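Numbering (full-length UniProt numbering), first residue to last: 1 to 267. A virtual CB, placed ideally from N, CA and C, is assigned to each residue, including glycine. Every value quoted in this text rests on a predicted model; they were computed, and no experiment measured them. Below is one structure, written out as structure tokens, with a few remarks after it.
Structure representation (structure tokens):
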């Protein structure tokens, strides 16, 4: 579903980035100014965390591969490919509720690795060591998206507040923002784990109520159309899609950017 935002009226669907604005038409320049003006009215900036502010998939993939490779090396009868396939099935089932049941990240990971080992009839004796390996490799591979720090600093310098609204265990997301070095910029961290409700089932409304703000007070940026943009938009929140595959730096209807650096230049 594509949402059209009346506050972003334009005949031209592509915004100019500030550095290119002199080379663009006056209509496009007005579009860029319009979005900048709209952002200035917002008192809160909301962000998804995983794969919006940092490269979660890459870090998680590296950590998972490290653990499964160790299992395969210690159990020659089981191949890495078979382990990856089964782990993927278990992961999909285990995250279907978007971490709304209040367990810790270690609970989820222990259950996933234990289930994978059980499927192949392997011993659970090394689960604690596997969990330590996973966390170590995950932290070693945590990487911010380009432009994250400059964007967060620009937002705070303008007197706005920042909320991270994300799916995942509360403890894991707290560690992530700390290890990434962005916790000092964040005024509120909202997780599906803390509120007990998924993004697609009303998390954004819960956050608005908790912060005592209106939908028009906040803009939200996320990488998932289904789990970020659509549910935020349904609550009346202006949602900007971080769509790194698009060629245009900034598109107006519906609003999307191909990097956080583009947004930083509009603050």
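Handout entry: DSSP state of residue 83 mapped onto helix, strand, coil
Key = Reduced to three states, the DSSP call for residue 83 is helix.
Exercise for the section: Locate the alpha helix (DSSP H) running through residue 205, then write down its first and last residues. Expected result: 203-211
Problem - Beta-carbon separation (whole angstroms), residue 221 vs residue 52, contact threshold 8 Å - result: 6 Å
Problem - Beta-carbon separation (whole angstroms), residue 108 vs residue 169, contact threshold 8 Å - result: Right, their Cβ atoms sit about 6 Å apart.
Problem - Contact between the segment 178-195 and the segment 78-86 (3+ Cβ pairs under 8 Å) - result: no
Practice task
Compare the beta carbon distance of residue 138 and residue 62 with 9 Å and say whether it is the shorter of the two.
Solution key: yes
Practice task
Look up residue 188 in the DSSP assignment and say whether it is helix, strand or coil.
Solution key: Three-state DSSP puts residue 188 in a strand.
Handout entry: Between the CA atoms of residue 127 and residue 114 - distance to the nearest angstrom
Key = 7 Å
Handout entry: DSSP beta-bridge partners of residue 166
Key = 191
Problem - Beta-carbon proximity check, residue 182 vs residue 149, cutoff 9 Å - result: Contact flag set, yes.
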